[in-house]
Amino acid sequence: MNQETLLVGLAGVLAAAAPIIFAVLGETLSERAGVINLSMNGTILLSAMGGFAVAYNTDNVLFGFLAGMLIGALVALVVAFASITLKQSQVAVGFVLALTCRDLAYFIGNPYMGQAGPRLQALPIPILSDLPIVGQLFFRQEAVTYVSFIAIYLAWLWVYRTRPGLMLQGIGEKPAAAFIRGANVNLMRYIYTVIGGALIGLAGPAYSLAIRAGWMGTISGLDGIGWIALSITIFGGWNPARAAFGAYLFALLQWLGLVLQPVLTQVPSQVLQVAPFPLMILTLLLVNIGNAEWVDRTLAAMPETARKFFSKLLRAMRASPPASLGVPFDTD
Amino acid sequence: MLKGRLGGFIFQFLAFVLALGFVSVILISAGASPMEAYKNMLTGSVGSMRKFAEVLVSFVPLLLVTAGLLITFSAGLWNIGVEGQIVLGAIISVWVFRLFVDSTLPPALIITLAILGGMIGGALWASLAGALKTFGGVNEIFGGLGLNFVSTALTLYLIFGPWKREGVASMSGTAPFPDHFSLPQVPELRISLWALGIALVGIVIVYFILQGTYFGLKLKAVGKNFRAAYLLGIPTWRYSMYSFLICGALAGVAGAVQVAGVYHRLIPSISSGYGYLGLMVAMLINYQAIWAIPVALFFAALNIGSIQLPIVMKLDSSLAGVLQGVLVLFVLLMEGIRQKFLKKA
Chain A
4 MNQETLLVGL AGVLAAAAPI IFAVLGETLS ERAGVINLSM NGTILLSAMG GFAVAYNTDN
64 VLFGFLAGML IGALVALVVA FASITLKQSQ VAVGFVLALT CRDLAYFIGN PYMGQAGPRL
124 QALPIPILSD LPIVGQLFFR QEAVTYVSFI AIYLAWLWVY RTRPGLMLQG IGEKPAAAFI
184 RGANVNLMRY IYTVIGGALI GLAGPAYSLA IRAGWMGTIS GLDGIGWIAL SITIFGGWNP
244 ARAAFGAYLF ALLQWLGLVL QPVLTQVPSQ VLQVAPFPLM ILTLLLVNIG NAEWVDRTLA
304 AMPETARKFF SKLLRAMRAS PPASLGVPFD TD
Chain B
5 MLKGRLGGFI FQFLAFVLAL GFVSVILISA GASPMEAYKN MLTGSVGSMR KFAEVLVSFV
65 PLLLVTAGLL ITFSAGLWNI GVEGQIVLGA IISVWVFRLF VDSTLPPALI ITLAILGGMI
125 GGALWASLAG ALKTFGGVNE IFGGLGLNFV STALTLYLIF GPWKREGVAS MSGTAPFPDH
185 FSLPQVPELR ISLWALGIAL VGIVIVYFIL QGTYFGLKLK AVGKNFRAAY LLGIPTWRYS
245 MYSFLICGAL AGVAGAVQVA GVYHRLIPSI SSGYGYLGLM VAMLINYQAI WAIPVALFFA
305 ALNIGSIQLP IVMKLDSSLA GVLQGVLVLF VLLMEGIRQK FLKKA
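Those protein sequence lines, which keep their order, are chains A and B. Numbered per my numbering, the first sequence spans residues 4 to 335. Numbered per my numbering, the second sequence spans residues 5 to 349.
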């Protein structure tokens, strides 16, 4: 492989990860506040279809993106209402929405299947795009890819470097303490779930109006992305930067699957396309295994040097969910 | 009015009406007549004996999966990996059939072995999700989802790799088995009474486990309050594992029946989404085994009835999924509203 194709491929990885990044950032914010939005897989499909349909009918890509975000926010609002106000199981409501929104997307999107619609054009940034290597990698992308870079930074900044971000961490970890400090826990949860939902809803049009432009119904290849994004959120340990890293890793693995196909002729191409999934489980296991009780016991029984090494290794990978994730908050 | 069984019923009925109204609005906005769509779905599912037989074909795996999920739900587990457990059941049963393809053993024995194989395959696959949960600290939802993807990858690998059809491998699946490997079917219809019988036995067993055994009681204790059950001396992790094994076994049987009774080969989408649909049925019946049969039958009828839609009305058949989903959603929401009112009253 020469340098040119490598750069084009890697630039493609950055672009392919962009929609997943929106989704994982949205989910991270929502889960940070204590609400699991399990509807993600359906939300992405519905917002992809809705975004495309709106852009198609108005001939305006921007309206398409706004429609996608609105859809995501509305679905998240249902999750928030059911779980925060009605105290129903977040997982149950989210799961039902994941399936329903998917089928809704296929049903409503039927007339739009295979239609040629508007899409974002590549937006090379003047001067910067002419830089060797860096320019080709980062500055000849589509607008959504640039936005994804900025979104990662902003989300990270918000969670770890601002006062409301600190409050957000508190709401997820110790809602009672946050409440005593004057936070309206349930209102904040509503807000973060809806904002997170809007971000997840951005992922849809990022596909249907840019990265994989068009709406192809069941063969759009988008079914399943939401579930992946959910795993990546955990892999990311509820840290926006680490979650984004997970999204890039996933996109890279998928690209490698494509590139390696001619080399690994023994392996059917359909298998390489799904190869990242087993790896995701493995990473989930590595991220979570530090939380299991027997690991602590095993570690304690190890000789000093080995224990130090393994506990350091586990701590580096380990991630614990926000303590109140999925637990409703009651003021009384 | 809100309390007790009658109150619950009123709210469920309200949820049903709301769901129907919601879907009707969607249909109208898609430029279709709701009445015509519902009529087509009705005639498409119970309009003739042949169509009703198709409903039963779809009812069998759905009921088996729902039965299994009632066990995991009782233990407080969200076994979303049930899709993969169906797939592994199907894969192992295909493997057994392939082993005996030239054998002179009686076909009935081979079919039995294939279904038992599927049962074991599903149970083992479920035990992976269980082990990830109990020993790896991986939430069963995420472990299960991951394993679902792996099972799909495995299916594709087998279809395009080692079990490739003579000539060219394709998404249409592996080469079909000879006719005598098929579960005996009712003449002229696709339904096998054997398959139907297996499914009914499955739900009856689950009903008795949950209602009439000490084991079921302990399982429910673990589900209701994990910590309390542990403190009372119930080996909680073992009960979690048992529930995964039972659910996986039933899902595996569902997969095996899809192979032996419906497809007679391995196809890429062998689970047909019955796992996820089973989760919806279990939620809709509020985890009460007694309602599993009518609701699974209703959902199966919606599935089959919607097949008409693209042909007759140029509508997408995913309308069935929309109806099912919206119904479950409204039932969940109405239940929440009822509880809220009860609390205030």
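Even glycine gets a Cβ: it sits at the ideal position worked out from N, Cα and C.
**Study point:** Straight-line Cα distance separating GLN189/B from ILE202/B
**Key:** Roughly 14 Å between the two C-alpha positions.
Check your understanding: Quick check: the segment 92-101 of chain B against the segment 147-166 of chain B, are there 3 or more CB pairs under 8 Å?
Key -> Touching, yes, given that three or more Cβ pairs across the two stretches are closer than 8 Å.
Point to revise | Contact set between TYR109/A and chain B, taken where Cβ atoms lie within less than 7 Å | key: In chain order: ASP320, SER322.
Point to revise | Residue environment, TYR243/B, which counts as buried when at least 16 other CB atoms sit within 10 Å | key: TYR243/B comes out buried.
Exercise for review: Going by CA-CA distance only, name the one from ILE39/A, GLY67/A, THR308/A that's closest to SER50/A.
Suggested key: From the listed residues ILE39/A, GLY67/A, THR308/A, the smallest Cα separation to SER50/A is found for GLY67/A.
Review point. At a Cβ threshold of 8 Å, is MET287/B touching chain A?
Key: MET287/B counts as touching chain A.
Check your understanding: TRP258/A: which of ILE24/A, VAL64/A, MET52/A, ALA18/A sits nearest, CA to CA?
Key -> Nearest option by C-alpha distance: ALA18/A.
Review point. Residues in the segment 74-99 of chain A with C-beta within 7 Å of chain B's C-beta atoms, listed in sequence order?
Key: Listed by position along the chain: ALA85, LEU89, LYS90, GLN91, VAL94, ALA95, VAL96, PHE98, VAL99.
Check your understanding: Contact check, LYS55/B vs ILE308/B under 8 Å by CB: the rounded distance?
Key -> Contact between LYS55/B and ILE308/B holds, since their C-beta atoms are separated by about 7 Å, short of 8 Å.
Check your understanding: At a cut of 8 Å, does the segment 166-176 of chain A reach the segment 304-322 of chain A through at least three beta carbon pairs?
Key -> Result no; under three Cβ-Cβ pairs closer than 8 Å.
Point to revise | Exposed unless 16 or more other CB atoms sit within 10 angstroms - verdict on ALA199/B | key: So ALA199/B counts as buried.
Exercise for review: With a threshold of 16 other CB atoms inside 10 Å of the CB of GLN215/B, please say whether the residue is buried or exposed.
Suggested key: Around the beta carbon of GLN215/B, a 10 Å sphere encloses fewer than 16 other beta carbons of the protein chains shown; the residue is thus reported as exposed.
Point to revise | Given LEU333/B as reference, the closest of ILE47/A, PHE84/A, ARG35/A, LEU263/A once Cα atoms are compared | key: Comparing Cα positions, the closest option is PHE84/A.
**Study point:** N-terminal and C-terminal residue of the alpha helix (DSSP H) that GLY293/A is part of
**Key:** GLY293/A -> no alpha helix (DSSP H), and no H or E assigned at all.
Review point. Taking Cβ positions, are ASN44/A and TRP230/A nearer each other than 8 Å?
Key: Taking 8 Å as the Cβ cut-off, ASN44/A and TRP230/A qualify as a contacting pair.
Exercise for review: Please classify ARG194/B: is it buried, with 16 or more other beta-carbons within 10 angstroms of its beta-carbon, or exposed?
Suggested key: Flag for ARG194/B reads exposed.
**Study point:** Other residues of its chain near ASN189/A: CB distance less than 7 Å, five sequence neighbours each side excluded
**Key:** Once the five neighbours on either side are set aside, the close Cβ partners of ASN189/A are ILE87, PHE332.
Check your understanding: Per DSSP, what kind of secondary structure is ALA125/A in: helix, strand or coil?
Key -> Of the three classes helix, strand and coil, the one that applies to ALA125/A here is strand, per DSSP.
Review point. For a contact meaning CB atoms closer than 9 Å, what does GLY309/B contact in chain A?
Key: Near GLY309/B there are no residues of chain A at all, since even the closest Cβ is about 14 Å away, more than 9 Å.
**Study point:** Beta-carbon proximity list for VAL100/B, same chain, < 6 Å, skipping 5 on both sides
**Key:** LEU117, ALA118, GLY121, listed in sequence order.
Check your understanding: Mapping DSSP to helix, strand and coil, what is GLU1/A?
Key -> With chain A covering only 4 through 335, there is no way to say anything about residue 1/A.
Check your understanding: Assuming GLY12/A contacts VAL330/A under a Cβ cut-off of 8 Å, what Cβ separation, rounded to an integer in Å, is found between them?
Key -> Distance from GLY12/A to VAL330/A at the Cβ level is roughly 43 Å; contact not present, criterion being Cβ atoms closer than 8 Å.
Practice item. If I'm right that LEU202/A touches GLY29/A with Cβ under 8 Å, what's the distance once you round it to whole angstroms? Key: Contact between LEU202/A and GLY29/A holds, since their C-beta atoms are separated by about 3 Å, short of 8 Å.
Check your understanding: Quick one: what's got a C-beta closer than 7 Å to ARG245/A's C-beta in the same chain, skipping five residues either side?
Key -> Here the set comprises GLY239.
Review point. What is the DSSP secondary structure of MET39/B, reduced to helix, strand or coil?
Key: Looking at MET39/B - three-state DSSP - the assignment turns out to be helix.
Practice item. May I ask you to report which of helix, strand or coil DSSP gives GLY256/B? Key: GLY256/B: helix per DSSP, three-state reduction.
Practice item. Please state whether DSSP places PRO324/A in a helix, a strand or coil. Key: PRO324/A falls in the coil class under three-state DSSP.
Review point. So what does DSSP say about PRO111/B, is it helix, strand or coil?
Key: Three-state DSSP puts PRO111/B in a helix.
Review point. Ordered along the chain, which non-local residues of its own chain (more than five positions away) have a Cβ less than 7 Å from that of ILE163/B?
Key: Only residues of its own chain outside the window of five on either side were considered, and among them ALA173, GLY177, THR178, LEU270, PRO272 have a CB closer than 7 Å to the CB of ILE163/B, listed in chain order.
Practice item. Could you name the residues of chain B that VAL274/A contacts, counting a contact when the two beta carbons are closer than 8 Å? Key: Residues of chain B passing the Cβ test: ALA157, LEU160, TYR161, PHE164, GLY165.
Review point. Would you say LEU259/A faces chain B, with C-beta separation under 8 Å as the test?
Key: Not an interface residue.
Exercise for review: Evaluate ILE153/A with the Cβ neighbour count: other Cβ atoms within 10 Å of its Cβ, from every protein chain shown; 16 or more gives buried, anything less gives exposed.
Suggested key: Exposed: under 16 other Cβ atoms inside 10 Å.
Review point. In the segment 215-246 of chain A, which residues sit with their C-beta less than 9 Å from some C-beta in chain B, listed in chain order?
Key: Here the close residues are GLY220, THR221, GLY227, TRP230, ILE231, LEU233, SER234, ILE237.
Point to revise | Chain-ordered chain A contacts of ALA34/B [CB-CB under 9 Å] | key: The answer, in chain order, is PHE110, ILE111, ASN113, PRO114.
Exercise for review: Could you tell me whether the Cβ atoms of PRO74/B and ALA293/B are closer together than 8 Å?
Suggested key: For the sequence presented, residue 74/B should be read as Leu rather than Pro. Yes; because the gap between Cβ atoms is below 8 Å, this pair is in contact.
Exercise for review: Determine the burial state of THR268/A: buried for a count of at least 16 other Cβ atoms within 10 Å of its Cβ, exposed for fewer.
Suggested key: Exposed, by the Cβ-count rule.
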